[in-house]
Amino acid sequence: MARTLTFNELRALKDKLPDGSIHRIAEELGLKPETVRNYFGGYNYKEGKSIGVHIEPGPDGGIVVLDDSTIFDKALSILGLEDYPVYQTESVEEDNE
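So, in structure tokens, the structure goes:
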């Protein structure tokens, strides 16, 4: 399923991953680690491939459209998250006085 987020949000997710996560994701999906790094904004196309990531210029590093969210979903699973970025809404309390 396609997913849209900013480049900075994608990089922030990668930066939150514990050491060894790139290799773990690559191993689980049968990919080269450089391909997984490229998915998160890397650009080593001699060793890895580009798979389903489209980046367009814009605020926050640009807009990223992920055609296939399999790698993204694996990263969320490693972090124990259901979604990313996690937007928090502030509750507004009304003053009845």
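Under the working numbering, the first residue of the sequence shown carries the number 798, and numbering increases by one thereafter.
For each residue, glycine too, the CB sits at the ideal point set by N, CA and C.
With 16 other CB atoms within 10 Å as the buried threshold, where does residue i fall?
i	result
V833	buried
L826	exposed
H820	exposed
V862	exposed
D816	exposed
So which of the options has the shortest CA-CA distance to residue i?
i	options	result
M798	L878, I875 and D870	D870
D773	D812, G817, Y881 and V850	This structure leaves residue 773 out entirely; the chain is present only between 798 and 894.
E824	L810, I860, A809 and A872	A872
Mind reading off the beta-carbon distance from residue i to residue j? Whole number of angstroms is fine, and I expect it under 8 Å.
i	j	result
E875	L814	Checking the sequence shown, residue 875 turns out to be Ile, not Glu. Contact holds; Cβ gap of about 6 Å.
In angstroms with no decimal places, state the Cα-to-Cα distance between residue i and residue j.
i	j	result
D857	L878	22 Å
T836	R800	At residue 836 the sequence reads Tyr, which differs from the Thr that was named. So the two alpha carbons sit approximately 13 Å from each other.
E806	I860	10 Å
Determine whether the beta carbon atoms of residue i and residue j lie at a separation below 8 Å.
i	j	result
E831	G838	no
I852	F804	yes
L802	P882	yes
Strictly under 8 Å for the Cβ-Cβ distance: is residue i near chain D by that measure?
i	result
N835	Absent here is chain D; the protein component of the structure consists of one chain.
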